[in-house]
Structures are given as C-alpha cells and as structure tokens.
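**Q**
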Amino acid sequence: MTVIRLELKQKYFVKFNDNKKMKKIAILTSGGDAPGMNSAIRAVVRYGLNSGMQVVGIERGYQGLVEGNFIEMTPRSVSNVLQKGGTILKTARCPDFKKAEVQIKAIETLKKEGIEGLIVIGGDGSFSGARALSNRGFPAIGIPGTIDNDLAYTDYTLGFDTACNTVLETINKLRDTMESHDRVAVVEVMGRNCGDIAVYTGVCGGAEVVVIPEVPFNMSAICSKLIKNKERGKLSGIVIIAEGVGKAESFAEIIKAKTKMNVRATVLGHMQRGGAPSSRDRYLGTNFGIHAVRLLEKGIGNRIVGIKNNKFIDVDIDAGLEMKKRFNKELYKMVGLLS
Ligand code: ADP
Ligand code: F6P
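Okay, so the sequence shown: first residue is 789 according to my numbering, each after it adds one.
(1) What is the rounded straight-line gap between the Cα of leucine 837 and the Cα of threonine 862?
(2) Going by the CB atoms, is the gap between isoleucine 1095 and leucine 1126 shorter than 8 Å?
(3) Please list, in chain order, all residues of the same chain as alanine 940 whose beta carbon is under 8 Å from its beta carbon, the five residues on each side excluded.
(4) Return the chain-ordered ranges of every beta strand (DSSP E) run that is complete within the region 876–957 and spans a minimum of 3 residues.
(5) Which word fits arginine 848, buried or exposed, when buried means at least 16 other C-beta atoms lie within 10 angstroms of its C-beta?
(6) Taking DSSP as the reference, what is the three-state secondary structure of isoleucine 859?
(7) Following the continuous alpha helix (DSSP H) through glycine 836, name the residue where it begins and the one where it ends.
(8) Lysine 1044 to leucine 1056, Cα distance in whole Å?
(9) So what does DSSP say about isoleucine 792, is it helix, strand or coil?
(10) In whole angstroms, what is the alpha-carbon distance linking glycine 873 and proline 1065?
(11) Please classify isoleucine 1000 as buried or exposed, where buried requires at least 16 neighbouring CB atoms within 10 angstroms.
(12) How would you call glutamate 1118, buried or exposed, if buried means at least 16 neighbouring beta carbons within 10 angstroms?
(13) Nearest CA to the CA of glycine 1124: which residue from Val998, Leu946, Glu1031 and Asp912?
(14) Between which two residues does the beta strand (DSSP E) harbouring leucine 1000 extend?
(15) Measure from the alpha carbon of isoleucine 935 to the alpha carbon of each residue in Asn1116, Asn1090 and Met825, then state which is nearest.
(16) Relative to the alpha-carbon of tyrosine 850, which residue among Thr1047, Leu898, Arg834 and Asp984 has its alpha-carbon at the smallest distance?
(17) At a cut-off of 7 Å, is cysteine 882 close to the ligand ADP when judged by its beta-carbon and the heavy atoms of the ligand?
(18) Return yes when the Cβ of glycine 993 is within less than 8 Å of the Cβ of isoleucine 1029, no when it is not.
(19) Is arginine 924 near glutamine 891, with beta carbons less than 8 Å apart?
(20) Within the region 1005–1045, note down every full alpha helix (DSSP H) run reaching 4 residues or more, in order along the chain.
(21) Helix, strand or coil: how does DSSP classify arginine 848 here?
(22) Alpha carbon to alpha carbon, how far is valine 1051 from glutamate 1041? Give it in angstroms, no decimals.
(23) Using DSSP's beta-bridge definition, name the partner residues of glutamate 976.
(24) Quick one: what's arginine 1070 bridged to in DSSP?
(25) Leaving out the 5 sequence neighbours to the left and right, which residues in its chain are closer than 6 Å to alanine 1053 when beta-carbon positions are compared?
(26) Using alpha carbons as the reference points, say which of Lys1086, Gly933 and Glu889 lies closest to asparagine 1075.
(27) Would you call the region 816–830 and the region 1076–1095 in contact, with 3 or more CB pairs under 8 Å?
(28) Report yes if the C-beta of threonine 879 is less than 7 Å from at least one heavy atom of the ligand F6P; otherwise report no.
(29) Excluding the 5 residues preceding and the 5 following glycine 990 in the sequence, name in chain order all residues of the same chain whose CB lies nearer than 7 Å to its CB.
(30) Measuring CA to CA, which of Lys886, Ser1008 and Ile907 is closest to isoleucine 1088?
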C-alpha cells in the first residue's frame, strides 16, 4: 500500500491506497461514552454497507482491537439504536495503546481480518490512537464524541448538546426547591478542563454565577454578587461550577460562611453522560458517520471530521489536535449581564 501526502486546495490529505476502493472497514468507540455515538455507528454501518463495503464493529475500543473482539455488522445490528444513549459497541480506556508494539500488533490484527480502514469515535486521546495508526500506514478517521466539547477544530462534539439538556432539566428542578426555601444551589457539572457545559447551561438556565477553568475566579466577587442579589430581593440562586475548578461541596461551604445564606451542593456526575440523544446529537452523529465513510472510500486517512460554521468538515489529525480551543468570552459575559 502506498502512502502519499497530497496538497489539495492548501489542505493536506494522506492518501493510503492506489485509488482502490476499500472493501472492508471497521469502527470502534473509545474513551468516555457520549449520547449520539450510536447514531454515528448506525450511519457508518448502513452507509458503508450501501456503498458495497463490509463493516466490522470492534467492541471496547482499542482494548477490543488488540484482543480481536470483532463483530460483522449487518443493517440489523444497528436497528433501534438511534434513541439509545451510551454506545452499543461499548467503550474502554486502554493505556497500553500508547506503546508502539501494541499499535503494530493492532495493525497486524486488522490486516489479518482484511480490514483496510478504521473509524474511531472519541475525544483527543482516542484521536492520538488514530493518528498513531495512520502514521504507521493504516488509514484511520476520527469522529468527535465527548460531552466536554473540548476539541478546538470543531464547533460541537457529539454528546455535548444532550449533556447540556440534561443539566438544564436538573437546574429547572433545583430552581423550584431553591426558590421555595430561599437557598442557593451550587451545581458541579462535567467538562474536564473545559468550561463549555457550564457556560452554555449557565446562559440557558439563567444561572446567577458560572465558574469555569478558563477564567480565574474570585470568591469574594461571587459572594458579593449573591449578597447584592439578596439585597434587591433575589433570595435564591444557582451557581454552576465546572469540575475543572474544584468541588461543589467546598464552594458551598465557603459561600455559606461568607454570605450567611442557605447553600446546598449538587454534583451531577455521570448522569450527564447518559440518556436519549437530542435531535441535534443524532443529526451530528449521522453526518459525521457518513462523512467519515466517504473519506475512507476515497482512500483518505489521518483526518478528523467535525462541524464548523454549520458545515461538515475534516482536518488533518495533527493540525486538529494542535489547535487551541477558543473560549467563548462573549457568551460567558452574558451570564453576568443577564442574571
Ligand atoms: P478521550 O478519547 O475521551 O480523550 P482518553 O484520553 O481516555 O479519552 O483516551 C482514550 C484512549 O485512547 C486511551 O485509553 C488509549 O487507548 C488511547 N490513547 C490515548 N492517548 C493516546 C496516545 N498518545 N497514543 C495512542 N493511543 C492513545
Ligand atoms: O470526558 C468525558 C468525561 O465525562 C469528563 O467530563 C469527566 O471528567 C470524565 O469523562 C469522567 O471520566 P470517568 O468516566 O472515567 O469517570
């Protein structure tokens, strides 16, 4: 198989075959699961089969790849999965996949099965695995699947929208009880080192305060805001903290001590990762899946698909992973302005 780096319209493409159409491709999900992954799997399977390829599902991410946990996918394998959260292929973390010998063994296993291209759904860690395979001559394409929305090259990742909707449902419920008791809720949301879930749900849920890793916080300023609100008759409130800044319980204790208000902490945890995917996530998953198969069909690998300004795109994995995520400062400012 020849590997050629092509420059087309100022974009680099790594072409892996000699324009021979791939006959067999595989798909796996890796890292944390995210609602919408199943819509991407369904699209890859059905679009791939309709294009005349065989499609193999690999269970439990790179771990399953190394162990050879392969399933031949048929149109029926992906029946009734669109509305399901999680991933029907299961997912895992496989630290060993960073080792060269493990990657080489994985490629041998893929080749033995006659598989010519791989689609990986996951976050930046999983993309590093896909890049490693591509760099070793095996074409791999990444689909962004993580609730964190922490990838710079794409405006949205799969699962982010559903996770935000789940957080918003909880905030609505917390508002009822906080208002009845004149209390402040400190709500801890996921996102690793990215504050997107906190900012989007803060704006859409009308939070009084949002604390995120991208902006240094000042506890006195947070407390003065809540005290000022109280003085003007707003006796309850919602403070959203992204997990990257600390624990809800410690924030609640400090706020309680400084404001003398009645404060309760809620950690939303893994419920943010589950549930039926929103229409937006199903739409993204479906389009990401089709886009990924089309790239492999053309013998193109080492790329990650995404959405930018409402257009489905693909970028080189190295370039995509190097991009620095731009934090939406304007949206963040709206939290303070509108609450
Ligand atoms: P995410 O894909 O959600 O960022 P992780 O960072 O946990 O999740 O990565 C998922 C998996 O991707 C890891 O368990 C490992 O198998 C693989 N991976 C992560 N980093 C690398 C790397 N540098 N090289 C090869 N594989 C990697
Ligand atoms: O990356 C998704 C995510 O849910 C993060 O928001 C969170 O920090 C992490 O995964 C939790 O990981 P685990 O599933 O290993 O508890």
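C-beta atoms are modelled at their ideal positions from N, C-alpha and C, and glycine is treated no differently.
Keep in mind it's a predicted model, so treat the numbers as computed, not measured.
**A** The short version:
(1) Leucine 837 and threonine 862 have their C-alpha atoms roughly 8 Å apart.
(2) no
(3) If we look at alanine 940 and ignore the five residues flanking it on each side, its Cβ neighbours are Gly1108, Met1111, Lys1112, Lys1113 and Arg1114.
(4) 905–910 and 928–932
(5) buried
(6) strand
(7) Segment 825–838, the alpha helix (DSSP H) holding glycine 836.
(8) 20 Å
(9) For isoleucine 792, the predicted structure reports a pLDDT of 48, less than 50, and the residue's modelled location is therefore unreliable. A value from the coordinates is still provided. The answer is strand: DSSP assigns isoleucine 792 an E or B state.
(10) Their backbone Cα atoms lie some 6 Å apart in a straight line.
(11) buried
(12) A residue is called buried once 16 or more other Cβ atoms fall within 10 Å of its Cβ, and glutamate 1118, having fewer, is exposed.
(13) Val998
(14) Before going further, note that residue 1000 is isoleucine rather than leucine in the sequence given. Element bounds for isoleucine 1000: n/a, residue is neither H nor E.
(15) Met825
(16) Tyrosine 850 has its Cα closest to that of Leu898, out of Thr1047, Leu898, Arg834 and Asp984.
(17) yes
(18) no
(19) yes
(20) 1007–1019
(21) In this structure, arginine 848 counts as coil in the three-state DSSP scheme.
(22) 8 Å
(23) The secondary-structure analysis by DSSP pairs glutamate 976 across a beta bridge with Ile1029 and Val1055.
(24) Answer by DSSP bridge pairing: none, since arginine 1070 is not bridged.
(25) Val974, Ala1036, Glu1037 and Ala1040, listed in sequence order.
(26) Gly933
(27) yes
(28) no
(29) Around glycine 990: Val998, Ile1028 and Val1123.
(30) Ile907
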